[in-house]
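Take a look at the structure below.
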Ligand SMILES: NC(=O)c1ccc[n+]([C@@H]2O[C@H](COP(=O)([O-])OP(=O)(O)OC[C@H]3O[C@@H](n4cnc5c(N)ncnc54)[C@H](O)[C@@H]3O)[C@@H](O)[C@H]2O)c1
């Protein structure tokens, strides 16, 4: 099942649980606006080349729309649509005043020079500058884009609208980025895990963790778990997988990866088959890489008792059913990885205030938002007798539906 079909299915299930009016249900599924632009730039060799840029703005009933911009050869409009919708529910779950959006350009960023990427980003911004803005739609980095991309968008946008640091988040610190943003998603994953384990009378130091993906989210989650005394017994990335039943030395593994560009040949552990990682014996499994990695082929063999969805849609609906029947507790993506958008919100607030928070304040506020949201999700699970996934969906969807109704939505 593709991302859009799975997202729509979860939304419809939540709408049924909530007894949502069918007209509201229909209107919440339809995106507010879908933008498609042709971005033509001269390459470094003087030839012209054209790329298609998208932005799907899903919903703005609770505030400006918010979501990443990805540069990837297979930017698929359906997937962008699903991710825009997920951003709406995610922002509502953690109760930040945003709606959802997502966008991208169909290009291979690795094949473009830095100046070609800059020209492409500036042309894309010229084409959409009237449709984004501090109080309209606030982009952020995603696959294939980074803080530099956001700096170019900020600069190009500001030529039309005056200095506007809050038009993007995930900026470099020198241009108004927030302290703590880099670690925010991984830190949010750890706060979410602590809240879940506490609910079950457990804590991180008693648990064995397996982590798929050792990029931004996976390496921060591993570092913070290790700092709290948890044992990370296996880790994988695109280059391979490594295990140590006594717990990997995560700072040493990060150093090894920095020095060698790979997890291979790490002396503090044994190489393992990456395909085995998801079904490796552990207490908590944290997928931090790709979507759809847990599916009907491997779900029955998963040994973990808890799955924390740090990646977006890592569990497909068939696997979800199999795992639930096995009694595995799944903390869903629209809550578990919401730390990134939450600190993006703090960045936007700081830009609007013209005031910079210290890192301790950012981290403390993040913990408050993640812990509070967990309590509200549990509340929905209890009142509707449903899973954590449906608890999160019903929480997000009900908040957006209430805002939509209060504003009056029939034209
Ligand atoms: N970065 C954020 O703020 C953020 C926020 C919300 C959700 N997410 C989601 O979290 C996930 C990871 O994001 P990230 O920012 O850490 O990306 P990243 O590019 O920094 O890291 C991705 C990691 O996954 C690994 N990987 C790729 N293919 C793999 C495979 N087949 N097997 C094992 N590992 C593989 C890569 O080697 C890399 O270590 C994505 O699903 C993303 O959508 C990220």
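Numbering (the UniProt record's numbering), first residue to last: 1 to 411. Yeah, the Cβ is synthetic: ideal placement off N, Cα and C, and Gly gets one too. Note that the coordinates shown come from a computational prediction; the quantities given were computed from them, not determined experimentally.
Check: Contacting residues, own chain, Cβ-Cβ under 7 Å from residue 277 (five flanking each side not counted); Outcome: 210, 212, 234, 236 and 241
Check: Within 8 Å, strictly: CB atoms of residue 329 and residue 306; Outcome: yes
Check: For residue 138, the residue or residues it bridges with in DSSP; Outcome: 66
Check: Any non-hydrogen atom of ligand 1 within 7 Å of residue 39 CB; Outcome: no
Check: Residue closest to residue 190, alpha-carbon to alpha-carbon, out of 7, 335, 35 and 52; Outcome: 335
Check: Cβ neighbours of residue 123 in the same chain (closer than 8 Å, five flanking residues each side left out); Outcome: 39, 40 and 41
Check: Separation of residue 44 from residue 289, as counted between CA atoms; Outcome: 33 Å
Check: Outcome for residue 442 when other beta-carbon atoms lying within 10 angstroms are tallied against a minimum of 16; Outcome: Any property of residue 442 remains undetermined from this structure, which presents the chain solely from 1 to 411.
Check: Test item: CB-CB of residue 208 and residue 282 under 8 Å; Outcome: yes
Check: Environment of residue 60 [buried if 16+ CB atoms lie within 10 Å]; Outcome: buried
Check: Every unbroken alpha helix (DSSP H) within the stretch 130 to 174, with a cutoff of 4 residues, ordered by chain; Outcome: 147 to 161
Check: Inter-stretch contact (C-beta, 8 Å, three-pair minimum) for the stretch 311 to 330 and the stretch 148 to 164; Outcome: no
Check: Cβ neighbour criterion (16 or more within 10 Å) applied to residue 173; Outcome: exposed
Check: In DSSP terms, what residue 85 is bridged to; Outcome: Its beta-bridge partners do not exist; DSSP assigns none.
Check: Residue 232 and residue 254 closer than 8 Å at C-beta; Outcome: no
Check: Among 299, 9, 312 and 128, nearest to residue 279 - alpha-carbon criterion; Outcome: 299
Check: C-alpha gap between residue 417 and residue 168, whole angstroms; Outcome: In the structure displayed, the chain extends from 1 to 411; residue 417 sits before or after that span and is not available.
Check: Given residue 360 as reference, the closest of 178, 126 and 14 once Cα atoms are compared; Outcome: 178
Check: Status (buried if at least 16 other CB within 10 Å, exposed otherwise) for residue 337; Outcome: buried
Check: C-alpha gap between residue 83 and residue 152, whole angstroms; Outcome: 23 Å
Check: Residue nearest to residue 103 in terms of C-alpha spacing, selected from 386, 135, 143 and 116; Outcome: 143
Check: Reduced DSSP category for residue 71 - H, G, I as helix; E, B as strand; rest coil; Outcome: strand
Check: Best match in 107, 15, 68 and 185 for proximity to residue 132 [C-alpha to C-alpha]; Outcome: 68
Check: Residue ranges of each beta strand (DSSP E) within the stretch 319 to 357, 3 or longer; Outcome: 329 to 331
Check: Rounded straight-line distance, which links the Cα of residue 245 to that of residue 270; Outcome: 10 Å
Check: Where residue 390 sits in the DSSP three-state scheme; Outcome: helix
Check: Proximity test, residue 238 beta-carbon vs ligand 1 heavy atom, cut-off 7 Å; Outcome: yes
Check: Where residue 372 falls, given that 16 or more other Cβ within 10 Å makes a residue buried; Outcome: exposed
Check: Residue 86 versus 70, 27 and 58, residue with shortest Cα-Cα distance; Outcome: 58
Check: Rounded C-alpha distance that separates residue 317 from residue 363; Outcome: 33 Å
Check: Residue 290 CB to nearest heavy atom of ligand 1 below 7 Å; Outcome: yes
Check: Beta carbon of residue 107 nearer than 8 Å to that of residue 73; Outcome: yes
Check: 8 Å Cβ cutoff met for residue 339 and residue 314; Outcome: no
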